[in-house]
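Protein chains in written order, with the working numbering: chain A, 656 to 764; chain B, 34 to 146.
Glycine included, C-beta positions come from ideal geometry on N, C-alpha and C.
Let me begin by presenting the structure, written as structure tokens, before commenting on it.
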Amino acid sequence: KNEVEQSPQNLTAQEGEFITINCSYSVGISALHWLQQHPGGGIVSLFMLSSGKKKHGRLIATINIQEKHSSLHITASHPRDSAVYICAVTPNTGNQFYFGTGTSLTVIP
Amino acid sequence: KAGVTQTPRYLIKTRGQQVTLSCSPISGHRSVSWYQQTPGQGLQFLFEYFSETQRNKGNFPGRFSGRQFSNSRSEMNVSTLELGDSALYLCASSSTGTGDGYTFGSGTRLTVV
Numbered sequence: 656k657n658e659v660e661q662s663p664q665n666l667t668a669q670e671g672e673f674i675t676i677n678c679s680y681s682v683g684i685s686a687l688h689w690l691q692q693h694p695g696g697g698i699v700s701l702f703m704l705s706s707g708k709k710k711h712g713r714l715i716a717t718i719n720i721q722e723k724h725s726s727l728h729i730t731a732s733h734p735r736d737s738a739v740y741i742c743a744v745t746p747n748t749g750n751q752f753y754f755g756t757g758t759s760l761t762v763i764p
Numbered sequence: 034k035a036g037v038t039q040t041p042r043y044l045i046k047t048r049g050q051q052v053t054l055s056c057s058p059i060s061g062h063r064s065v066s067w068y069q070q071t072p073g074q075g076l077q078f079l080f081e082y083f084s085e086t087q088r089n090k091g092n093f094p095g096r097f098s099g100r101q102f103s104n105s106r107s108e109m110n111v112s113t114l115e116l117g118d119s120a121l122y123l124c125a126s127s128s129t130g131t132g133d134g135y136t137f138g139s140g141t142r143l144t145v146v
């Protein structure tokens, strides 16, 4: 049983397109995280959300606590956005992450 | 300020050997958590330490262990290595580990032959 489900698994977009990645979770959470992983392995934390919406540059993350759903949007996508995007949640019950399987995004020039 | 430092970056070991990986958190961060990433299983939580105490542990065999020192640096140890232990091992640090911001290290890539 996966506590966190992400879709799509793979996504190819043309440069400039608007991109949405979805995340659903089944446990009570204290926070939801969107992570970015480039080839080579390093992970960068993009957002930490417990409610509402956050925006950093071209990236927007939203969360609906009642529906247990979050979305990551990328506006005006660029080839440098190509990476794996991972949704993770910190459950109410413990100090750890549950991870989604990731969305591999490729943005073509 | 310095980020999370993991050493070594790459490691090749033989089946049956043991290995120790190190993670130095951001200064002031007291929580260090460890994760295993494999192509088949994705990212999985190993354990989390706060102020030298293990607060939570994932579903891994007892061959996987860890500890945290008084300066918050953490080590994880894997004994009797198996081929399936080949993975990227990541650590992350945060101030309290209870949902605040996390910073990840670059990981240690372990290959077991």
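Which residues in chain A have a C-beta closer than 9 Å to the C-beta of residue i? List them in chain order.
i: residue 75 of chain B; result: 741, 754, 755, 756 and 757
i: residue 105 of chain B; result: The contacting residues do not exist; residue 105 of chain B stays about 15 Å from chain A at best.
i: residue 142 of chain B; result: 696
Might you give, ordered along the chain, the residues of its own chain that have their beta carbon closer than 6 Å to the beta carbon of residue i, omitting 5 neighbours on each side?
i: residue 704 of chain A; result: 687, 716 and 718
i: residue 674 of chain A; result: 668, 729 and 732
i: residue 708 of chain A; result: 717
Taking a contact to mean a Cβ-Cβ separation below 7 Å, would you say residue i touches residue j in this structure?
i: residue 165 of chain B; j: residue 698 of chain A; result: Residue coverage of chain B in this structure runs from 34 to 146, which leaves residue 165 of chain B outside it and unanswerable.
i: residue 762 of chain A; j: residue 726 of chain A; result: no
i: residue 83 of chain B; j: residue 99 of chain B; result: no
i: residue 685 of chain A; j: residue 758 of chain A; result: no
i: residue 752 of chain A; j: residue 78 of chain B; result: yes
i: residue 121 of chain B; j: residue 70 of chain B; result: yes
i: residue 123 of chain B; j: residue 44 of chain B; result: no
i: residue 139 of chain B; j: residue 39 of chain B; result: yes
Could you name the residues of chain A that residue i contacts, counting a contact when the two beta carbons are closer than 7 Å?
i: residue 121 of chain B; result: 696
i: residue 78 of chain B; result: 751 and 752
So which residues on chain B does residue i lean against when the C-beta distance must stay under 7 Å?
i: residue 706 of chain A; result: None at all; the shortest Cβ gap to chain B is about 12 Å.
Say yes only if the C-beta of residue i is nearer than 6 Å to one or more non-hydrogen atoms of the ligand MN, and no if none qualify.
i: residue 760 of chain A; result: As for the ligand MN, it is missing from this structure, which has no ligand bound.
Grab me the residues of residue i's own chain with a C-beta within less than 7 Å of its C-beta, minus the 5 sequence neighbours each way, in chain order.
i: residue 672 of chain A; result: 732
i: residue 700 of chain A; result: 688 and 690
i: residue 111 of chain B; result: 51, 52, 96, 97 and 118
i: residue 93 of chain B; result: 79
i: residue 108 of chain B; result: 53, 54, 55, 99 and 100
i: residue 741 of chain A; result: 690, 692, 754, 755 and 757
Please go through the same chain and pick out, in chain order, the residues whose beta-carbon is closer than 8 Å to the beta-carbon of residue i, but skip the five residues on each side of it.
i: residue 47 of chain B; result: 114, 145 and 146
i: residue 134 of chain B; result: 127 and 128
By how many angstroms is the C-alpha of residue j removed from the C-alpha of residue i?
i: residue 755 of chain A; j: residue 658 of chain A; result: 8 Å
i: residue 105 of chain B; j: residue 62 of chain B; result: 7 Å
i: residue 118 of chain B; j: residue 713 of chain A; result: 38 Å
i: residue 724 of chain A; j: residue 677 of chain A; result: 7 Å
i: residue 663 of chain A; j: residue 692 of chain A; result: 16 Å
i: residue 125 of chain B; j: residue 88 of chain B; result: 15 Å
i: residue 72 of chain B; j: residue 694 of chain A; result: 13 Å
i: residue 706 of chain A; j: residue 720 of chain A; result: 7 Å
i: residue 660 of chain A; j: residue 764 of chain A; result: 29 Å
i: residue 737 of chain A; j: residue 666 of chain A; result: 10 Å
Please list, in chain order, the chain B residues whose beta carbon lies closer than 8 Å to that of residue i.
i: residue 662 of chain A; result: Neighbours of residue 662 of chain A on chain B: none; closest Cβ ~15 Å, over 8 Å.
Starting from the beta carbon of residue i, find every residue of chain B whose beta carbon is closer than 9 Å, and list them in chain order.
i: residue 700 of chain A; result: 125, 134, 135, 136 and 137
Can you check whether the C-beta of residue i is within less than 7 Å of a C-beta belonging to chain C?
i: residue 117 of chain B; result: Among the chains of the structure shown, chain C does not appear; the protein chains present are A and B.
Contact set between the region 34 to 67 of chain B and chain A, restricted to residues whose Cβ is under 9 Å from the partner: 64 and 66
Chain B contacts from the region 672 to 684 of chain A (Cβ-Cβ distance under 7 Å): none
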